[in-house]
Amino acid sequence: MMRTIIVIIALWSSAFSLFAATPKDTLVVAVPLDGIISFDPAESFETVSNGVQRNLYQTLTEPDRTSPQQLTPLLAARWQPGSSARSLLFTLQPDARFASGNPVTARDVVFSLTRAVQLNKAPSFILAEFGWTPDNIATQFHVVNDKQLEIRWPAAIGQDLALRLLTAPVASVIDSQTVKQHEQNGDLGNRWLHTHSAGSGAFTLQQYVPQQAVVLSASPHARPAPHLQRVLLKGVADAGARRLLIEQGDVDVAYQLGPDQIDALRQQQNLRIESFPSSLVYYLAFNTQNHAQPELANPALWRAARWLVDYQAISHDLLKGQYRVHQSFLPQGFDGALESEPFHYDVAQARAILSQAGIKPGTRIALTVINQPPYIDIAQALQASFAKADITIELQPVAESELWSRMRGRDFQSIFIYWGADYIDPNTNASAFAFNVPGGAKTLAWRVGWDIPQLSAETRRAAGESDAAKRRALYTALQQRVQQDSPFIVTLQGAQQVAIRNNISHAQQGIGVSLLYFDAVRKS
């Protein structure tokens, strides 16, 4: 098997191999891989690695693939209210097995959730919504038997939200026996899981070569079994090279193509452009804790910036309709998403706001951005539009993994980036954009240093509201506040457009997922 994998990688080692037919049992995907930090579900929080997680691991429940507002069983055969309003009783699938052959048990669920809380990596704030901490997590579970357990939580959230939190990749169930065998110095297997997998999903992580290739192999215990034996994610940094590879048939699927590449590929007879709904919203943010640039903490700069984004030109002219104008943190398709667009490009209004606040012409702001389309293209457009108000944007293009490291360390002045839903519920984005409490999770609001005790309290209130109409009204108010007066300027939401060869069928992708469901894909 390993020899086969090495041969497969070698076949695609050249980005310009001429008309190399891909194997019939292997899906070959061209996509940038520089955003990957880890494949540990307790740590992975980037689009590509999280997209891979959905194919390696399973959660207790998952959003229905055709109706994502609905939940369907996955590792849990069924669930019911527990012994209190803040608990749920889960019964596991009787025959579920990990790739190792070990049965999936209730103790694996407890180990996985406890481990994620204790490691306290980037996505742990999702589980913190339960009120779980390293100090109290040991008391939050009751194992009835190997196939049944009760999950409890102290936070004031309802059972429906609890179920949706458990669909996030950080709640993936891992093989505790296998992971414990690879523990080093009390790291709970984190180092090993950077480049290995221990899940019950359709595939296993067979090999990972940073920035070059990810190889997935079908799990021998997956039920139902995937239709393909192997998936190769080929790291291709240049969008033009990705276009050439899909044109020539050297790859079966190509991601992250720019508008020009998409337009050109629409004319090709042997492939098609699929458009999948996406929960990604794209925003500009200012680091209010950057003491070298005090203007970044001035609400006047935030307000002026809202009038210095040429939303329509970016959406329609630059990105050719790939991304729609969207100005609230909840993406279209989520219950209660705010569709208003109160801001447009208005240099005179921005100048007046800056002048009244005493922000001097010639102010310089460094903008960190991913060195891939569409980010670098949008950043250049922002540079041009801000210049009209005498604000100089200095671009700092970096690899995606470096951008995330800088952001999580607050090592930036401003940033243009995306945020995607971790689960299908309004709380997923509200708890990121509108929640920041001392000693709490390092949310987006924390990363930009936005001190919002009252708004954070309102976000918790919305999470705990069980009446649907009242809950929707609370999230409307939260969106309006962030939309009007925050260091976040939400600008776009985009459908994900993917180039796919015509011999690939059953290509499906969910609103909160960045890669295809590889278990469903078929190849002729």
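Per the numbering used here, the sequence shown starts with residue 533, numbered consecutively. Built from N, CA and C at the ideal position, the CB exists for glycine as well.
Helix, strand or coil for ILE1036? Go by DSSP, reduced to three states.
It is a strand residue.
Taking all protein chains shown into account, do 16 or more other C-beta atoms lie within 10 angstroms of the C-beta of GLU871, making it buried, or fewer, making it exposed?
Result: exposed.
For the alpha helix (DSSP H) holding LYS712, just list the boundary residues, first then last.
Unbroken alpha helix (DSSP H) run through LYS712: 708-713.
So the alpha helix (DSSP H) SER937 belongs to, where does it begin and stop?
First-last of the alpha helix (DSSP H) with SER937: 932-940.
Taking the alpha carbon of ILE1032 as the reference point, which residue from LEU886, ARG1004 and ASN802 has its own alpha carbon closest?
It is ASN802 whose Cα lies nearest to the Cα of ILE1032.
Just verifying my parser: in three-state terms, what is the DSSP assignment at VAL539?
Bear in mind that the predicted position of VAL539 carries a pLDDT of just 45, short of 50, making it unreliable; the figure below should be weighed with that in mind. In this structure, VAL539 counts as helix in the three-state DSSP scheme.
The alpha helix (DSSP H) spanning SER644 covers which residue range?
Unbroken alpha helix (DSSP H) run through SER644: 638-651.
Taking a contact to mean a Cβ-Cβ separation below 8 Å, would you say LEU899 touches GLN928 in this structure?
Yes, the pair counts as a contact, with Cβ atoms nearer than the cut-off.
With DSSP collapsed to three states, give me the class of SER546.
The pLDDT assigned to SER546 is 40, lower than 50, so where the model puts this residue is not dependable; a value taken from the coordinates is nonetheless given after this. Of the three classes helix, strand and coil, the one that applies to SER546 here is coil, per DSSP.
Is the region 940-949 in contact with the region 778-794, if contact means three or more CB pairs nearer than 8 Å?
No, the region 940-949 does not touch the region 778-794.
Rounding to the nearest angstrom, what Cα-Cα distance links LEU681 and ILE923 in this structure?
Straight-line Cα distance between these residues: approximately 57 Å.
Report the rounded CA-to-CA distance for ALA750 versus GLY894, giving the unit in angstroms.
One C-alpha to the other measures close to 57 Å.
Over what stretch of residues does the beta strand (DSSP E) that includes SER946 continue unbroken?
First-last of the beta strand (DSSP E) with SER946: 946-951.
Can you say whether GLU926 is buried or exposed, counting buried as having 16 or more other CB atoms within 10 angstroms of its CB?
It is exposed - the Cβ of GLU926 has fewer than 16 other Cβ atoms within 10 Å.
Which residues bound the alpha helix (DSSP H) around GLU990?
From DSSP, the alpha helix (DSSP H) with GLU990 extends over 985-996.
Sorted by chain position, which residues of the same chain lie with C-beta nearer than 7 Å to LYS852's C-beta, five sequence neighbours on each side aside?
These residues qualify, in order along the chain: PRO791 and ASP795.
Which residues mark the beginning and the end of the alpha helix (DSSP H) in which PRO791 is found?
Segment 791-797, the alpha helix (DSSP H) holding PRO791.
With 16 other CB atoms within 10 Å as the buried threshold, where does THR554 fall?
The residue in question, THR554, is buried, as its Cβ has 16 or more Cβ neighbours within 10 Å.
What are the boundary residues of the beta strand (DSSP E) that GLY1026 is part of?
1020-1026 is the extent of the beta strand (DSSP E) around GLY1026.
When you compare each of SER998, LEU862 and ASN903 to ARG1013 by their alpha carbons, which one comes out closest?
Nearest option by C-alpha distance: LEU862.
Touch check for the region 736-744 and the region 1029-1044: three-plus C-beta pairs under 8 Å?
No, the region 736-744 does not touch the region 1029-1044.
If you follow the beta strand (DSSP E) that LYS766 is in, where does it begin and where does it stop?
Unbroken beta strand (DSSP E) run through LYS766: 762-767.
Excluding the five sequence neighbours on either side, which residues of its own chain have a C-beta within less than 7 Å of the C-beta of LEU833, listed in chain order?
Closer than 7 Å at the Cβ level, and outside the excluded window around LEU833, lie PHE818, GLU827 and ILE891.
For HIS876, which of helix, strand or coil comes out of DSSP?
In the structure shown, HIS876 sits in coil (DSSP, three-state: anything other than H, G, I, E or B).
Tell me which residues share the same chain as PHE662 and place their Cβ nearer than 8 Å to its Cβ, disregarding the 5 neighbours each side in the sequence.
Correct list, in chain order: GLN672, TRP685, PRO686, ALA687, ILE689, ALA694 and LEU697.
Taking the straight line between their C-alpha atoms, what separation do you get for LEU935 and VAL901?
If I take the Cα positions, the gap works out to 7 Å.
Apart from the five residues just before and just after ALA1052, which ones in its own chain have a Cβ nearer than 6 Å to its Cβ?
If we look at ALA1052 and ignore the five residues flanking it on each side, its Cβ neighbours are HIS1038 and GLN1040.
Buried or exposed: which applies to SER860, given that a residue is buried once 16 or more other Cβ atoms fall within 10 Å of its Cβ?
Buried: at least 16 other Cβ atoms inside 10 Å.
By the three-class DSSP mapping on this structure, what secondary structure does ARG775 have?
ARG775 falls in the helix class under three-state DSSP.
Determine the DSSP secondary structure at GLN1016, reduced to helix, strand or coil.
In the structure shown, GLN1016 sits in a helix (DSSP, three-state: H, G or I).
Short of 6 Å in beta carbon distance, which residues of its chain neighbour THR579, apart from the five on each side in sequence? Order them along the chain.
Closer than 6 Å at the Cβ level, and outside the excluded window around THR579, lie SER1046.
For SER847, does the three-state DSSP call read helix, strand or coil?
Helix at SER847.
Taking only three categories from DSSP, how would you classify TYR1007?
Of the three classes helix, strand and coil, the one that applies to TYR1007 here is helix, per DSSP.
Given a threshold of 16 other Cβ atoms within 10 Å of its Cβ, counted over all protein chains shown, does LEU550 qualify as buried or as exposed?
Bear in mind that a pLDDT of 41 at LEU550, under 50, signals an unreliable position, so the model cannot answer this.
Beta-carbon within less than 6 Å of TYR814's beta-carbon, same chain only, minus the 5 sequence neighbours each way: which residues are those?
Excluding positions up to five away in sequence, the list reads TYR950, THR1023 and LEU1024.
Mind pulling the beta strand (DSSP E) runs of 3 or more residues that sit fully within the region 568-616?
Fully enclosed beta strand (DSSP E) runs of 3 or longer: 593-595, 603-605 and 608-613.
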